[in-house]
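Novice: In my numbering, the protein residues as written are 661 to 794. We put the CB at the ideal spot given by N, CA and C, even for glycine. Quick one: this structure, given as structure tokens, is what I'll be asking you about.
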């Protein structure tokens, strides 16, 4: 499953330049709802976009900000990568939500609110996919 699928987008980006255009074009609040449907809990979503901000955007019919769009896409990318590595949604979400010594006892999902945290999680997932223990 691709990040675009998890965000409920009709047209998946063809490359990273398309992703950049999409994020700069700003995602709709429905993309966050699609992340919730993909299995992210309210607490995790609140780290990506505060609940009140999201509700405000929905009520006003506003798109997400550039930063919010980028965080939503980053979260979707990590979840999509985890699903690809573990083969299904349940195993991916289980791994993402379990505390990991590698992350100082935090769950991987708690790290994806920052770029550096997301890169650490991505690195761990790639290592798992390549056969390293993580």
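So for residue 766, helix, strand or coil by DSSP?
Specialist: Reduced to three states, the DSSP call for residue 766 is strand.
Novice: So residue 743 and residue 752 are supposed to be a Cβ contact under 8 Å. How far apart are they, rounded?
Specialist: Indeed, because the Cβ distance is near 4 Å, the residues count as touching under 8 Å.
Novice: Please state whether DSSP places residue 760 in a helix, a strand or coil.
Specialist: Strand at residue 760.
Novice: What residue does the alpha helix (DSSP H) around residue 705 start on, and which one ends it?
Specialist: Run containing residue 705: 702 to 708, per the alpha helix (DSSP H) assignment.
Novice: Check whether the stretch 688 to 707 touches the stretch 722 to 734, counting contact only when three or more Cβ pairs, one atom from each stretch, lie closer than 8 Å.
Specialist: The stretch 688 to 707 is in contact with the stretch 722 to 734.
Novice: Going by alpha carbons, who is nearest to residue 666 out of 718, 757, 741 and 779?
Specialist: Selected option, being the one with the closest Cα: 741.
Novice: Check residue 772 in the structure and name its three-state DSSP category.
Specialist: It is coil, neither helix nor strand.
Novice: Mapping the DSSP letters down to three states, classify residue 799 as helix, strand or coil.
Specialist: Lying before the first or after the last residue shown, residue 799 is absent from the chain, which here runs from 661 to 794.
Novice: I need the straight-line Cα distance from residue 777 to residue 717, nearest angstrom please.
Specialist: Going by the C-alpha atoms only, they are around 26 Å apart.
Novice: Taking the alpha carbon of residue 772 as the point to measure from, which residue in 712, 749 and 708 has its own alpha carbon closest?
Specialist: Residue 708 is the option with its Cα nearest to residue 772.
Novice: Between residue 706 and the rest of its own chain, which residues show a CB-CB distance below 8 Å, the 5 nearest in sequence each way excluded?
Specialist: Counting only Cβ-Cβ distances below 8 Å, and skipping sequence neighbours, we find nothing.
Novice: Just confirm the distance between the C-beta atoms of residue 769 and residue 757, as a whole number of angstroms; I'd bet it's less than 8 Å.
Specialist: About 6 Å separates the two Cβ atoms, so the contact holds.
Novice: Mind reading off the beta-carbon distance from residue 699 to residue 749? Whole number of angstroms is fine, and I expect it under 8 Å.
Specialist: Indeed, because the Cβ distance is near 6 Å, the residues count as touching under 8 Å.
Novice: Check residue 790 in the structure and name its three-state DSSP category.
Specialist: It is coil, neither helix nor strand.
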